[in-house]
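Numbering (our numbering), first residue to last: -3 to 734.
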């Protein structure tokens, strides 16, 4: 049977009521139930619907002897895991393993209401859970509004995939017919007030929508006349006017929260006395304006009878009053966010509606950085746009550093193509403004973002110039800021193999400053590792790069984690230990698969793994390697193309496959020139020359040697590239040339 059921229909058609009935029936059969609900206000809160579902099972959580350690990333009250998250699959597995534990004890029903408002990260977890849990007694039931669902790309894609896999059953909830509408009305108001004409008119006016029909029925119960047809919002407003002052004062605070609520939370935020709170809750329940939340748990929660009711209450508030209420909510949530960082996106949301631009921008940044740590890249980019919007209204001394960090998140979050061109221009503007105003820290942050973007896009030509600007700016920065600036600049030069003497000098100065202020910087450790790798000191390089990898994982910086895994794999390849590179390649593939971008990350990871296998068994790995190189060409990863083809040519030359070696070395050279990587250029050229000589094309080999000599500086070459140049010289010398 399909493991996911989705109820689709218009607002008020009865989707949630059907899910509640399903939950009641299954609980009677000893089925454990989890209930999560999506809210329009929380589309940038990663895993929000799952967090609520899990938090609603306090009894189950308390009774579970061994909770997965990584679960603390979603539920901070369980305690943070001892190790940082290195892979999205660990987080998804933590949730799924918990569900598996519960399902092995008794069947499990997971209800996710209003998934049209579900965030992208929650969608990925839903797809993963369906696939992993299909062999267990676990059923997932969801509801969605069709119109809004179409605009949620992530959820729609998950549902399409499950439909293809025959794991989805869709049920369209249709309007009631005349008889069903009559039955509903007779169960709601006194039969004596219902004539046949009245029932017919209610059916016509409501179109068979249960929520609308009930509102008309309630309106009928308060008048002796047949009311004219009105929009449902007007009917709800009429009912709100019948409430006493206590209930009317309470409702707007609940509406402004934008989600289900604990009455005590509303009382705390609004400074509402407990006696008045109990009176308001009692009246609102009697009037069917609010109802106990469907989430399962020990803490009492309420929600509006329908989201339309929430909207009507909220729309009645004047704009100044809305802002004041959202400001009060943001202040209270900010205090709680110190213990629960899952709330920072809600702080940003309410601060934005309050017009508190400073708090909205800083909270959006904090929320975006948290999203990166849990691989929620789409939400991270959305939050940066929100933060950038609010930051333009605050003082430059606060705005410029904030914007620099938001731009950094956009670089790491994977902005590509035309958007990356716009991002580069925006960062350049930010650097210029920070420089003119003398804000060194802000300029440094923006320069770091620019260098990272240039590195990500393989635009290495301008990087030395940018690193020089960083070095100059560091002269007037604090020791901690200067250490970070110099470490990043020196590391970047070392990673691309450019101006190695200056790279070592920058890293040396950064090391001195970092030691003075007690900093341990992953950029510094990586840069020093790359210097050792450049000089062929592979044991030292391996040790330092492993330290850098550990630091990146501790920071939950998945972009750096992937980079350092790449360097470790390359170090083992160049050291002549390709078998030792395989574990790094496997880890890299896993990390790259979770990074949302243009596909280049996973393409490069797979190409590196197939290069290693070609080193170990050329004949068996040849076809897969060719396919991997073709994918690299499609994503235009020229630096990795140059590296892979250069190493493949090295293997081919050693295996006497001279035609292949010549062809691949020549193509590697073309790509190495584009990315302006001196060692790649020299080594590819030297391998091409050796291959040409082996094929008997001595004149062409000698001609290429003459060209090579004019375009390289031997002091900039890596040890392994220099070795191949010397071999080329020896080959030509043996042939009486060179």
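Glycine included, every Cβ here is placed at the ideal spot set by N, Cα and C.
* residue 288, enclosing alpha helix (DSSP H) - first and last residue -> Not the alpha helix (DSSP H): residue 288 falls in the beta strand (DSSP E), residues 286 to 288.
* **Backbone secondary structure at residue 359 - three-state DSSP** => helix
* To do: Measuring alpha carbon to alpha carbon, tell me which of 538, 416, 479, 526 ends up nearest residue 511.
  => 479
* **Closest by C-alpha distance to residue 181, when choosing among 215, 693, 394** => 215
* Asked: Relative to the C-alpha of residue 623, which residue among 529, 632, 633, 602 is closest?
  -> 602
* Asked: Less than 9 Å separating the beta-carbons of residue 506 and residue 483?
  -> yes
* So, are the CB atoms of residue 531 and residue 715 less than 9 Å apart? -> yes
* Asked: What's the C-alpha gap between residue 108 and residue 138?
  -> 5 Å
* Asked: Between which two residues does the beta strand (DSSP E) carrying residue 2 extend?
  -> 0 to 4
* Use the C-beta contact count for residue 25: other C-beta atoms within 10 angstroms, 16 or more gives buried, fewer gives exposed. => exposed
* Candidates 133, 59, 359: closest to residue 326 by CA position -> 359
* **Proximity below 9 Å, CB of residue 565 to CB of residue 534** => no
* Are the beta-carbon atoms belonging to residue 111 and residue 45 less than 9 Å from one another? -> yes
* To do: Compare the Cα-Cα distances from residue 321 to each of 730, 246, 286 and report the closest residue.
  => 246
* Asked: Can you tell me whether residue 389 is buried or exposed, with buried defined as 16 or more other CB within 10 angstroms of its CB?
  -> exposed
* **Rounded straight-line distance, which links the Cα of residue 86 to that of residue 92** => 10 Å
* Scan the region 596 to 684 and note each continuous alpha helix (DSSP H) run of 4 residues or more that stays entirely inside, going in chain order. => 596 to 612, 614 to 630, 634 to 650, 654 to 671
* **CA-to-CA distance, residue 382 to residue 337, given in whole angstroms** => 18 Å
* Asked: Sorted by chain position, which residues of the same chain lie with C-beta nearer than 7 Å to residue 371's C-beta, five sequence neighbours on each side aside?
  -> 84, 554, 590
* To do: Please state if the CB of residue 341 and the CB of residue 366 are separated by a distance shorter than 9 Å.
  => yes
* Segments assigned alpha helix (DSSP H), at least 4 residues, entirely inside the region 112 to 182 -> 116 to 129, 142 to 146, 149 to 160, 174 to 182
* So, helix, strand or coil for residue 472, using DSSP? -> coil
* Since residue 646 and residue 687 are thought to touch, with beta carbons under 8 Å apart, how far apart are those beta carbons, to the nearest angstrom? -> With 8 Å as the limit, residue 646 and residue 687 do not qualify as a contact, their Cβ atoms being about 10 Å apart.
* Looking only at C-alpha atoms, which of 152, 297, 574, 179 sits nearest to residue 166? -> 152
* Asked: Touching or not, the region 398 to 409 and the region 436 to 451, by the rule of three or more beta carbon pairs under 8 Å?
  -> yes
* Residue environment, residue 457, which counts as buried when at least 16 other CB atoms sit within 10 Å -> exposed
* Would you mind sorting residue 706 into buried or exposed? The rule is 16 or more other CB atoms within 10 Å of its CB. => exposed
* **Cβ separation of residue 513 and residue 476, assumed to be a contact under 8 Å, to the nearest whole Å** => 5 Å
* To do: Go to residue 580, then tell me how far its alpha helix (DSSP H) extends in each direction, as first and last residue.
  => 574 to 590
* For residue 723, I'd like the list of residues in its chain whose CB is within less than 8 Å of its CB, leaving aside the five on either flank, ordered along the chain. => 682, 686
* Test item: CB-CB of residue 588 and residue 598 under 9 Å -> yes
* Asked: From residue 275 to residue 243, what distance separates their C-alpha atoms?
  -> 8 Å
* Beta-carbon proximity of residue 123 to residue 170, cut-off 9 Å -> no
* Answer with buried or exposed for residue 303, where buried requires no fewer than 16 other C-beta atoms within 10 angstroms of its C-beta. => buried
* Asked: So what's residue 743 in DSSP terms, helix, strand or just coil?
  -> No answer is possible for residue 743: it lies beyond the span of the chain, which begins at -3 and ends at 734.
* Exposed or buried, residue 10, counting other C-beta atoms within 10 Å across all chains shown (16 or more means buried)? -> buried
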